[in-house]
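Residue numbers (the numbering used here): 33 to 212. In this text, a Cβ means the ideal position worked out from N, Cα and C, and glycines have one as well. Have a look at the structure below, then the notes.
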């Protein structure tokens with residue numbers, strides 16, 4: 033019975049490692065899972081430096097439109113053709129209100145950038161408001177960036193997982209074929 037419990041624990045550990053690897057790779061490929069309205073994102077450029085450094089991991093949270101104020105850092109889907117619809121994280125520089133429709137749009141700017149962004153941001157483009165940077169997030173972010181290289185991913189993720197899997201399979205086979 034103890035061996036069975038140990039094998040179940042080992043299996044759950046391997047499953048947890050696999051899930052973590054999938055999440056890390058998903059983030060590195062642009063998929064951003066949400067948990068209770070929060071998202072973990074990797075900042076790709078230095079445009080918000082020194083507030084947020086390049087390759088930092090940040091946490092954003094969905095917020096109502098009323099909570100977004102001048103000076104807040106927001107993450108949004110940019111209409112800028114150079115960004116091809118990817119997320120952009122910049123500070124709200126000003127808020128404009130359309131007199132006819134009453135709709136707000138946000139004028140944003142990266143702290144390190146000289147000029148404001150060329151495309152206003154509507155609320156439906158906002159993914160969330162910046163909450164904080166993950167401790168040691170820059171190191172983790174650099175590791176995630178490295179994992180986008182398939183060779184690095186294979187050597188550091190897939191190869192060790194395959195070795196663990198084969199080791200556990202060998203142990204199971206030995207357990208089933210060995211008579212006590």
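Mind checking residue i: buried by the 16 CB within 10 Å criterion, or exposed?
i: residue 183; result: exposed
i: residue 116; result: exposed
i: residue 112; result: exposed
i: residue 38; result: exposed
i: residue 150; result: exposed
i: residue 235; result: Residue numbering for the chain in the displayed model covers 33 to 212; residue 235 lies beyond these limits and cannot be assessed.
i: residue 187; result: exposed
i: residue 34; result: exposed
i: residue 69; result: exposed
i: residue 71; result: buried
i: residue 102; result: exposed
i: residue 168; result: exposed
i: residue 73; result: buried
If you reduce the DSSP assignment to three classes, tell me which class residue i lands in.
i: residue 50; result: helix
i: residue 155; result: helix
i: residue 121; result: strand
i: residue 70; result: strand
i: residue 81; result: coil
i: residue 215; result: Within the shown structure, residues of the chain are numbered from 33 to 212, placing residue 215 beyond reach of any answer.
i: residue 144; result: coil
i: residue 149; result: coil
i: residue 101; result: coil
i: residue 33; result: coil
Quick check on the DSSP output: the beta strand (DSSP E) that includes residue i runs from which residue to which?
i: residue 109; result: 105-109
i: residue 137; result: 136-141
Going by the DSSP bridge assignment, what does residue i pair with across the sheet?
i: residue 208; result: Bridge partners of residue 208: none, in fact.
i: residue 160; result: 107
i: residue 129; result: 136
i: residue 90; result: 73, 165
Figure out for me which residue from the options has the closest Cα to the Cα of residue i.
i: residue 166; options: 75, 130, 108; result: 75
i: residue 135; options: 51, 78, 154; result: 154
i: residue 221; options: 170, 80, 152, 146; result: Here the chain has residues from 33 to 212 only, and residue 221 is not among them.
i: residue 159; options: 133, 178, 174, 90; result: 90
Got a sec, what are the start and stop residues for the alpha helix (DSSP H) residue i sits in?
i: residue 63; result: Careful: residue 63 lies outside any alpha helix (DSSP H) and carries neither H nor E.
i: residue 184; result: 182-185
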